[in-house]
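In the UniProt record's numbering, the protein residues as written are 1 to 306.
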Amino acid sequence: MENAGTTPQGVAGRKRIPNRERPTAEDEALNLIAREGEARLAAKRAARAEAREIRMKELEKQQKEIYQVQKKYYGLCTKFSDIEQWMEDSEHYSHKSRNALVEERSEKDFEKGIRTASSLSAATVASLGGTFSRRGSGDTSISIDTEASIREIKDSSAEVEEKYKKAMVSNAQLDNEKTNFMYQVETLQDALLELEEQLAESKRQFEEKSKDFEREKHAHAILQFQFMELKEALKQKEELLAEIRQLQQKQEGFVREITDLQETVEWKEKKIGALERQKVFFDSLRSERDDLREEVILLKEQLKVR
């Protein structure tokens, strides 16, 4: 019975309580990894902010360049319009100057012819007339060539202007597409950086969850060990209780036997008492019988004597 009382206490004395507050080397390593991840994340954020600032400066620079190109384009258009106006004015002025020159030369030649008509011969007048006609035809051919070259210049300038306009429109479209693509690239880069941040955050949370899982696993192992110890102690306790119940049953059987024996002894004692009383009674009867026998013998002897 003493062993039954001391065995569960001995089993309970082997319990070990887990010390969760004590830092382990694994926890320190996980904390170091988490701090390094946060430092890398902060560095990435700073680099992203710096890259964003650089991209904004590049965009501003590109906008300024586009503005300068557009300004240059509009200035060149104005220059082309000025050239066309100058060419028209030059053509108009050349027509006027050629007409005035022809008229002036005609008047001068006519006056000269009148002044020298008296001194020149018919052959000289004819030669002068031929020379005058040749000069007039030469001036006319020069004016025609000038007009043709002016028209060619106008046509080529109009063609160049049209090509330049198309090139500027195409360049503006390409710049717009480039700006849109750069914006899309920046958006994708920002999205990629956000995904990297989310991935880093997920890794950090995963590391924390892994650390918590390892702690819970360790605590579960300790609790499972304690559970097995308690289960074994409970099993031993149940075995002891079964033995105690068996001993109690035996004790009850012994008590019943003792009670029966006590009753038997009491009955025996009563019987012995009755027998003793009978013996005393029989002894008294026996002594009376003996006395009576002696008296009978005495009486017989007395009778014989008589």
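From the three backbone atoms N, C-alpha and C, an ideal C-beta is built for every residue, glycine too.
For residue j and residue i, believed in contact at Cβ under 8 Å, the rounded distance
{"i": "aspartate 27", "j": "lysine 203", "result": "No, aspartate 27 and lysine 203 are not in contact; Cβ-Cβ is about 17 Å, not under 8 Å."}
{"i": "leucine 32", "j": "alanine 200", "result": "Not really, about 15 Å apart at Cβ, beyond 8 Å."}
{"i": "leucine 193", "j": "lysine 44", "result": "7 Å"}
{"i": "alanine 51", "j": "glutamate 207", "result": "The pair is not a contact, with the Cβ atoms about 28 Å apart (cut-off 8 Å)."}
Exposure label - residue i; buried when at least 16 CB within 10 Å
{"i": "glutamate 288", "result": "exposed"}
{"i": "glutamate 2", "result": "Low local confidence applies: a pLDDT of 40 at glutamate 2 is under 50, so the model's placement there is unreliable, with the coordinate-based value given in what follows. The residue is exposed, with fewer than 16 neighbouring Cβ atoms inside 10 Å."}
{"i": "alanine 117", "result": "Because alanine 117 carries a pLDDT of 41, less than 50, the predicted location of this residue cannot be relied on, and no value is offered for it."}
Beta-carbon gap between residue i and residue j smaller than 8 Å
{"i": "arginine 48", "j": "glutamate 186", "result": "no"}
{"i": "glutamine 62", "j": "threonine 179", "result": "yes"}
Q.
List, from N- to C-terminal side, the alpha helix (DSSP H) runs of 4 residues or more that fit wholly inside the region 209-276.
A. none
Q: Note down, one range per segment and in chain order, each alpha helix (DSSP H) of at least 4 residues found wholly within the region 151-183.
A: none
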